[in-house]
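Residue numbers (this note's numbering), protein chains in the order written: chain A, 719 to 1003; chain B, 203 to 606.
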């Protein structure tokens, strides 16, 4: 079998003459990602889907990227398909803004994050979630590795497993487990409870990340010996105290722990979450 | 939380009497126990005493139903008689006919809202949801002139299972375009399973948090604890078959039953006692020169139906015990409805603690009767309430003003 043409930077360069300094950036399960400098757009990400254009997941991801407009989401410059020489089918690509900076994971690795930064983080996340809600979408993969930090602001990446609420699932609905990242996905997502997954699923992940930012440790996964162990801890959901030396500790803990409730019906809706957050956020200094 | 009456055999006179006492009220009518003429006459009578009605279509499990009371109604015949087949769910025209029949019955009943039929749910799976949606979509077309409440008739098995299943149910119900829900929980009369009760509390609270109306049918005094979910009303009736829901009642012809014994409800102990038990206790206490006044209902309940027994030793009958039960639950529902969640939870919890303490006192005085005693369900109630408070307390506290 010949090598995939999009794995060869020279061939990619020929197809995209406006992009300089092309370098292979990441090879993921579904996509090959290049970084480069576009003559008009500046630094960009060029993503090639590994599956062919008939894959409905590709159409979904492109449709989502085209619909979502928010200052904390990378800009989609273009999307399309191209035919490489001697390659049997067309390859679908996305040309997106490159978010310079570091992942939230790396940012957190330098120590716990201040309350003021977390306040801003939550504001950004809730604002993005409002746009997702307007578009009937759930990200389903919010985690520190999918959030970039640039100049003190936060950007959400990777809508690869986002779910469009109300539309037919294009993942295997009979699968006993849904796509997820252990430690950040709530139980309904791991369990593939498609009728339960909604905005509260993303709110759960945001609360986990926020507590992790503030305390420097995961709120409920404690030295898991493997994925089964981590899953068990997610099921048990023994959430640690926030333990901040701040007057806002109790309010913030009640808020975050409610968002991390195991049962989605025990979590507030996005609208309720924002109203609740607004009640005490100014104390997060 | 309001107390509604659940219509059943022999309820006609009770409903009229209680609504006169209360200056109004709501009854959930049962086509199983009434023909069209009775429905029409009762609803006319009730209007003059500020009575309101709802009509439960009782289409919980059509296929196996051979209940004669229901089969005399057109809509039930349409769906459940010999014509029954699941194809009707996919036949828009037939479904509209069925709903037109139901609309006619609702008009006769002068109902305030429509209770949209719902199929018994043992598992919130696609096929069940499809049937619910078929009903709700037809309701959208035919039931245009009143509010709509979706029926959630839930199996005991489902209520006794994993909380995730309840979440699925809430997840599905969230997407239904209705004004509220009519919850029909299958279970024992006085349920001993704490999980069953915790799940019911969780389900009702989950539905209330959608800021919709929720009515729980086939309820009894154990369900007074639902006050802490912000439920709008619970509905109870006279005989046990309308104080708890059992599907069997709708699968088999009504039994003529054996001899029925009147039970006196003691609101303080949340327990019921047979006349013979009370008589025995009276004799025992007499020996010690004591009365049984501590079993008498507190005047705050404003129920005097059983006073002749306590004051003059006059035997009580069914009519008195039923009306006493309704009056006590009516007052208890009122007492449990508080301005804040914390106050409500606290008074609901106190009700349980008081019942336990009162029963301990009764035991020390040698009053023992296991059957229908709170001592059988006390642990289940307390555990369920503790689970509920832990899981939902924060949200209930915050959103109480919006949901009640």
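The beta-carbon is built from N, C-alpha and C at its ideal position, and this holds for glycine as well. Source: prediction; values computed, not measured.
Assuming residue i contacts residue j (C-beta within less than 8 Å), just tell me the rounded distance between them.
| i | j | result |
| --- | --- | --- |
| residue 216 of chain B | residue 440 of chain B | 6 Å |
| residue 985 of chain A | residue 882 of chain A | In fact, because the Cβ distance is near 21 Å, the residues do not count as touching under 8 Å. |
| residue 228 of chain B | residue 256 of chain B | 7 Å |
| residue 326 of chain B | residue 374 of chain B | 6 Å |
| residue 203 of chain B | residue 386 of chain B | Contact flag wrong, Cβ pair sits at about 17 Å. |
| residue 494 of chain B | residue 206 of chain B | Their Cβ separation, rounded to whole angstroms, is 32 Å, which puts residue 494 of chain B and residue 206 of chain B out of contact at 8 Å. |
| residue 477 of chain B | residue 517 of chain B | 7 Å |
Within 7 Å (strictly less), CB to CB, does residue i reach chain A?
| i | result |
| --- | --- |
| residue 431 of chain B | no |
| residue 396 of chain B | no |
| residue 374 of chain B | yes |
| residue 206 of chain B | no |
| residue 594 of chain B | yes |
| residue 382 of chain B | no |
| residue 226 of chain B | no |
| residue 408 of chain B | yes |
| residue 590 of chain B | no |
| residue 459 of chain B | Low confidence applies to residue 459 of chain B: its pLDDT is 48, below 50, so where it sits in the model is not reliable, and the reading given next is rough at best. Answer no: the Cβ-Cβ gap between residue 459 of chain B and chain A never drops below 7 Å. |
| residue 456 of chain B | Residue placement at residue 456 of chain B cannot be trusted, given a pLDDT of 45 that sits under 50; the coordinates are not used to answer. |
Using CA atoms only, rank isn't needed, just tell me which of the options is closest to residue i.
| i | options | result |
| --- | --- | --- |
| residue 579 of chain B | B:395, B:221, B:475, B:510 | B:395 |
| residue 789 of chain A | A:872, A:746, A:957, A:918 | A:872 |
| residue 841 of chain A | A:950, A:992, A:954, A:907 | A:992 |
| residue 529 of chain B | B:218, B:210, B:224 | B:224 |
| residue 836 of chain A | A:725, A:967, A:724 | A:967 |
| residue 586 of chain B | B:559, B:431, B:524, B:469 | B:431 |
| residue 854 of chain A | A:931, A:757, A:944, A:782 | A:782 |
| residue 343 of chain B | B:512, B:242, B:307, B:380 | B:380 |
| residue 559 of chain B | B:544, B:469, B:602, B:531 | B:469 |
| residue 900 of chain A | A:922, A:877, A:762, A:916 | A:922 |
| residue 330 of chain B | B:262, B:389, B:504, B:408 | B:262 |
| residue 548 of chain B | B:566, B:590, B:486 | B:590 |
| residue 742 of chain A | A:793, A:763, A:748 | A:763 |
| residue 520 of chain B | B:508, B:513, B:514, B:512 | B:508 |
| residue 436 of chain B | B:384, B:365, B:321 | B:384 |
| residue 397 of chain B | B:236, B:583, B:450 | B:583 |
| residue 524 of chain B | B:270, B:566, B:462, B:537 | B:462 |
What does residue i reach in chain B if we use C-beta pairs closer than 7 Å?
| i | result |
| --- | --- |
| residue 951 of chain A | Those within 7 Å of residue 951 of chain A in chain B number zero; the least Cβ separation is about 17 Å. |
| residue 986 of chain A | 597 |
| residue 914 of chain A | 369, 370, 373 |
| residue 906 of chain A | 369 |
Please confirm if residue i has its CB atom under 7 Å from at least one CB of chain B.
| i | result |
| --- | --- |
| residue 968 of chain A | no |
| residue 982 of chain A | yes |
| residue 935 of chain A | no |
| residue 993 of chain A | no |
| residue 972 of chain A | yes |
Find the residues of chain A that neighbour residue i, judging by a C-beta separation of less than 8 Å, and give them in chain order.
| i | result |
| --- | --- |
| residue 585 of chain B | Going along chain A, no residue has its Cβ under 8 Å from residue 585 of chain B, so there is no contact; the nearest lies around 17 Å. |
| residue 566 of chain B | Result: empty, since nearest Cβ-Cβ is about 41 Å, beyond 8 Å. |
Quick one: give me the first and last residue of the beta strand (DSSP E) that residue i is part of.
| i | result |
| --- | --- |
| residue 905 of chain A | Looking at the DSSP string, residue 905 of chain A is not in any beta strand (DSSP E); the run it does join, the alpha helix (DSSP H), is 905-908. |
| residue 465 of chain B | 465-468 |
| residue 228 of chain B | 227-231 |
| residue 667 of chain A | An answer regarding residue 667 of chain A cannot be provided, because it is not within the stretch 719 to 1003 covered by chain A. |
| residue 355 of chain B | 349-356 |
| residue 253 of chain B | 253-257 |
| residue 762 of chain A | 760-767 |
Using a C-beta to C-beta distance shorter than 8 Å, which residues of chain B count as neighbours of residue i?
| i | result |
| --- | --- |
| residue 909 of chain A | 366 |
| residue 818 of chain A | Within 8 Å Cβ-Cβ: nothing; residue 818 of chain A doesn't reach chain B, min ~40 Å. |
| residue 976 of chain A | 596, 597 |
Give the range of the alpha helix (DSSP H) segment to which residue i is assigned.
| i | result |
| --- | --- |
| residue 793 of chain A | Note, residue 793 of chain A: premise wrong, no alpha helix (DSSP H); not H, not E. |
| residue 929 of chain A | 917-933 |
| residue 204 of chain B | Per DSSP, residue 204 of chain B belongs to no alpha helix (DSSP H); it is in the beta strand (DSSP E), 204-208. |
| residue 481 of chain B | 477-489 |
| residue 866 of chain A | Element bounds for residue 866 of chain A: not the alpha helix (DSSP H) but the beta strand (DSSP E), 865-868. |
| residue 580 of chain B | 580-605 |
| residue 626 of chain B | Examination of residue 626 of chain B is not possible in this model, given that chain B is present from 203 through 606 alone. |
| residue 1007 of chain A | Missing from the structure shown is residue 1007 of chain A; chain A here goes from 719 to 1003 and no further. |
| residue 306 of chain B | 294-311 |
Along chain A, in chain order, which residues have C-beta atoms closer than 9 Å to that of residue i?
| i | result |
| --- | --- |
| residue 601 of chain B | 986, 990 |
| residue 404 of chain B | 981, 983, 984 |
List the residues of chain A whose Cβ lies closer than 7 Å to the Cβ of residue i, in chain order.
| i | result |
| --- | --- |
| residue 411 of chain B | 983 |
| residue 539 of chain B | Correct list: empty, because the minimum Cβ distance to chain A is about 22 Å. |
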